[in-house]
Amino acid sequence: MVEVVTELPPAVEARFRKPSRGGRPRPEAGYAHGSAGNVRAGTLVLLWLRLRERRIDDARFEVFGGPSAIACAEALCERLTGATVEQALAITGLELAEGLQLSAAERGVALVVEDALKAALQAGDSNR
Amino acid sequence: MAERVGPVYLDNAATTPVDPRVRERMLEWLDADSGFGNAASTHRYGRRAALAVEEARAEVAALINAAPEELIWTSGATEANNLAVLGVARFYGPTRGRHVVTVRTEHKSVLAPCARLAAEGFAVTQLEVERDGSLDLERLAAALRPDTALVSVMYVNNETGVTHPIEEIARVVKATGILLHVDAVQAAGRLPIDVDALGVDLLSLSAHKLYGPKGIGALYLRRHPRIRVQPLLWGGEQESGVRPGTVPVHQAVGMGEAYRLARLEGAQDVARLRALRQRLWDGLSAIGGVLRNGREDGSPHILNVAFVGVHGQALAAELDGLAASTTSACSSASGAASHVLRAMGVPEQLAHASLRLSLGRFSTEQDVDLAVQMLKAGVERLRALSPVWQGYLAGRSLEELYGNGAAAHG
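Dropping the structure here:
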């Protein structure tokens, strides 16, 4: 059951209105890429991470999803920039959801974002 | 007119502002000196109220070329539709048969009574529609059975504006002696309605979709031959016992005035609506990746469009400055995709990213231009973040992007 969005939590509002890390990197070469979710289920998250010496120096996303999903991907990319792979691996969807004050019904989108992160990190691992 | 306080209003299929002239007429009947009579009373107050109610009835009747005595006041079109569907089926079921036919894209106030009938043991056939929302008459003819008591089909679809050819439908249905009910809520004032020329037996009308007040509607019930319905309410002789309850005089007067204005000004209104809708479509289609749900030859006041690559909730969150319907107002609260668009084969996520924009007597070119501007900005912003839009730009088909049914759009 999808909730009707009347007012977005401030943390979601700010990131949904003005995401700074949205849009795929061009060119994509040099980025580890991962994705999760699907259009039919309502949330598709794509992530690109650029790794320098086990540290992420750039993180980009694309999302087909509601304001919460977009805000969640943006929040993740903010945290990833400058983080080590080990720090990135420790990030969970639940803490992203809590950070954005997502309602219980919307936490699922944060788990999709977490899955996209895992996929991207795995791709980064196998790239080396 | 007072300065606008809210967002641009392009939701006239949900409800229309009350025309100031209608409001003026209604106020007389809220007056403590003379406007409070019960139209059923035989004293002077009552007789005066009854006269006003009958004048109003004649005005509503005139718009659809009916006789005044063929109209029953109801609380609105939902009640009119319920009374028509349940009333005919329950009255004629025992003699004519217990089968009713309707269409998947009907308003919930027809579909839900049909579901109620199914629970009472009736057989209900819901006809499929084509990809453009139109109804295949051969499909209709094939669905009719010896025990079919009623066919209920709307004139103008409230979400897409798609019109059904009522005259041709009536020919098919009447050839078999089956009764035909038409929900004409969105058609009134936008398309000509002549109940005799169309050949319908029952027809539902609303006041508030045509610049009248909320809380009143009417059901047309043919007199020759006389159509009977089992009432939904019991308790008085008002409206020939078909719809007991004190008639709300001010509401009836308001509906009468609204329908009088529609009869006098409808042609002008329609010409304006048509031009505004074209302007809206020209503006929106220029954005690219904007698909029309429905047909170009639909009712002049409704445009339903899908924005490729955009998520429905994200789109809704971009629409602070625009009052329009993401799918139908009646179903958007539930979060489910529009049953009308789904019946037309629009994929679920594209149905969520669809918007019904509906114009009215008070809509302006400026409203249309502002709406286009806001939508263009919002949609382009969201598309810059959207992997689906990237896929669309790369030439992937809607089918690939959205899954089943996506071929609905050309």
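Line by line, the protein sequences give chains A and B.
The first sequence begins at 1 in the working numbering and counts up by one.
The second sequence begins at 1001 in the working numbering and counts up by one.
No residue lacks a Cβ here, since even glycine has one placed at the ideal position from N, Cα and C.
Secondary structure of Ile1072(B) (DSSP, three-state): strand. His33(A) and Leu49(A) have their C-alpha atoms roughly 6 Å apart. The region 1241-1253 of chain B makes contact with the region 1047-1061 of chain B: 3 or more CB pairs, one atom from each, lie closer than 8 Å.
DSSP, reduced to helix, strand and coil, places Asn38(A) within a strand of the structure shown. Taking the C-beta atoms as reference points, Ala110(A) is found no nearer than 8 Å to Leu121(A). For the beta strand (DSSP E) assignment, the uninterrupted runs of no fewer than 3 residues enclosed by the region 1235-1305 of chain B are, from N- to C-terminal side, 1290-1292.
Beta-bridge annotation (DSSP): Gly1199(B) is not paired with any residue. By the CB criterion at 8 Å, Leu1221(B) and Ile1064(B) fall outside the cutoff. The Cβ-Cβ distance between Val1085(B) and Leu1135(B) does not fall below 8 Å.
For Phe64(A), the number of other beta carbons within 10 angstroms of its own is at least 16, and it is reported as buried.
In chain order, Val39, Leu44, Phe64 make up the part of chain A whose C-beta sits under 8 Å from the C-beta of Val1388(B).
Of Ala36(A), Gly42(A), Ser20(A), the smallest CA-CA separation from Ala1314(B) is found for Gly42(A). Counting along the chain, the unbroken alpha helix (DSSP H) around Tyr1092(B) starts and ends at 1077-1096. Annotated three-state conformation of Phe1036(B) is coil, per DSSP.
With its beta carbon at least 8 Å from every one in chain A, Gln1126(B) lies outside the interface. In the three-state DSSP reduction, Trp1389(B) falls in the helix class (H, G or I). For Gln1186(B), the number of other beta carbons within 10 angstroms of its own is at least 16, and it is reported as buried.
Following the DSSP letters along the chain, one finds Glu62(A) inside the beta strand (DSSP E) bounded by residues 55-64. For the region 1336-1368 of chain B, the continuous beta strand (DSSP E) assignments of 3+ residues that do not extend past its boundaries occur at 1354-1358, in sequence order. Restricting attention to Ala1275(B), Ile1287(B), His1181(B), Val1368(B), the CA atom closest to the CA of Glu1296(B) is found in Ala1275(B).
Against chain B, a Cβ distance below 8 Å from Leu8(A) picks out Ala1317. Using beta-carbon distances, Pro67(A) counts as an interface residue toward chain B, with a partner under 8 Å. No Cβ of chain B is located within less than 8 Å of the beta carbon of Pro27(A).
Neighbours of Leu1385(B) in chain A, taken as residues whose beta carbon is under 8 Å from its own, are Pro19, Gly22, Gly23, Phe61, Glu62, Val63, Ile70 in chain order.
The three-state secondary structure of Phe1122(B), taken from DSSP, is coil. Between the region 1014-1030 of chain B and the region 1215-1232 of chain B, the count of Cβ pairs shorter than 8 Å is below three; the stretches do not touch.
Beta-bridge pairing by DSSP links Ala1323(B) to Tyr1009(B). Val1100(B): member of the beta strand (DSSP E) spanning 1099-1103, first to last residue. Around the C-beta of His1164(B), 16 or more other C-beta atoms lie within 10 Å, and the residue is accordingly described as buried.
DSSP places Val1229(B) in the coil class of the three-state scheme, outside both helix and strand. Relative to the Cα of Arg24(A), the nearest Cα in the group Arg15(A), Leu47(A), Ser35(A) belongs to Leu47(A). Of all alpha-carbon atoms in Val1173(B), Glu1069(B), Gly1298(B), Leu1232(B), the one lying nearest the alpha-carbon of Ala1080(B) is that of Leu1232(B).
Gln1349(B) belongs to the set of residues whose beta carbon lies under 8 Å from a beta carbon in chain A. In the same chain as Met1374(B), and ignoring 5 residues on each side of it, the C-beta atoms closer than 6 Å to its own belong to Gly1321, Leu1322, in chain order. According to DSSP, residue pairing for Ser1204(B) in a beta bridge involves Asp1183(B), Leu1219(B). Within chain A, the C-beta atoms nearer than 8 Å to that of Tyr1402(B) come from Val39, Arg40, in chain order.
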